[in-house]
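Asker:
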Amino acid sequence: MSTATIFDKIIAKEIPAEIVYEDELSLAFKDINPQAPVHLLIIPKQRIATINDLEEHDRELVGHLYIVAARLAQQFGFAEDGYRVVMNCNEDGGQSVYHIHLHLLAGLTMGWPPFANNRPKQLG
Ligand code: DGP
1 MSTATIFDKI IAKEIPAEIV YEDELSLAFK DINPQAPVHL LIIPKQRIAT
51 INDLEEHDRE LVGHLYIVAA RLAQQFGFAE DGYRVVMNCN EDGGQSVYHI
101 HLHLLAGLTM GWPPFANNRP KQLG
């Protein structure tokens, strides 16, 4: 079992968060440090540290997170205009909380490619 993070406390309602959706498998809340006019985090209630830790039996759970993202996009009214869904993995991917989460970003026209301040490195 991976180490508990701040998200476990949010799931347990031990610390406050602006929760916008909850069901038996997932929770969605506003990011504390928004990078867009709308910045929601969608997390599984089950703790999985990173994308690297996903297993076959997590297929449905991960799919569910995307379905929740799409429903929230409809609910918040930006589904047609568009949005971005991102999941960071480990240090180079910019992950800071080791409990997988989708970032749902909307409310501005986002550029592509998305990389700012990137530092190329040799992969080996
Ligand atoms: P990442 O860097 O991909 O691991 O994203 C983690 C996000 O979690 C980051 O955008 C900030 C957000 N975050 C961290 N701590 C809290 C918290 O206590 N409350 C809320 N609402 N968001 C948090």
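Quick note on numbering: UniProt numbering labels position 102 of the sequence shown as 102, and the sequence is numbered without any gaps. Note that beta-carbon positions come from the ideal geometry of N, C-alpha and C, so glycine has one too. In this text, all values refer to a predicted model and were calculated from it rather than measured experimentally.
1) Hey, out of 83, 92, 119, 58, whose CA is closest to residue 26's CA?
2) Could you pull out every unbroken alpha helix (DSSP H) segment of at least 4 residues lying fully inside the stretch 48-80, listed in chain order?
3) With DSSP run on the structure shown, which of helix, strand or coil describes residue 29?
4) Would you tell me roughly how many angstroms separate the C-alpha atoms of residue 67 and residue 24, rounded to the nearest one?
5) Is there contact here, the stretch 64-79 with the stretch 101-110, by at least three beta-carbon pairs under 8 Å?
6) Among 88, 80, 94, whose alpha-carbon lies nearest the alpha-carbon of residue 109?
7) Check for me: the beta strand (DSSP E) holding residue 22 runs from which residue to which?
8) Identify, in the order they occur along the chain, each residue of the same chain with its Cβ nearer than 7 Å to the Cβ of residue 42, setting aside the five sequence neighbours on each side.
9) Roughly how many angstroms separate the alpha carbons of residue 115 and residue 93, rounded to a whole number?
10) Could you check whether the Cβ of residue 31 sits closer than 7 Å to any heavy atom belonging to ligand 1?
11) State the DSSP-derived secondary structure class of residue 15, mapped to helix, strand or coil.
12) Could you say which of 47, 78, 84, 85 lies nearest to residue 98 if we only look at CA atoms?
Answerer: Let me lay it out:
1) Nearest of 83, 92, 119, 58 to residue 26, Cα basis: 58.
2) Taking 4 residues as the shortest admissible run, the stretch 48-80 contains the following complete alpha helix (DSSP H) segments, listed from N- to C-terminal end: 59-76.
3) Looking at residue 29 - three-state DSSP - the assignment turns out to be strand.
4) Cα to Cα, residue 67 sits roughly 14 Å from residue 24.
5) Judged by Cβ distances under 8 Å, the stretch 64-79 makes contact with the stretch 101-110, as three or more pairs qualify.
6) Residue 109 has its Cα closest to that of 80, out of 88, 80, 94.
7) Annotation for residue 22: the continuous beta strand (DSSP E) segment containing it runs 19-22.
8) Cβ within range, chain order: 26, 28, 65, 68, 69, 101, 102, 104.
9) Residue 115 and residue 93: Cα-Cα distance of roughly 11 Å.
10) Indeed, a heavy atom of ligand 1 lies less than 7 Å from the Cβ.
11) Reduced to three states, the DSSP call for residue 15 is coil.
12) If we check each option's Cα against that of residue 98, 47 comes out closest.
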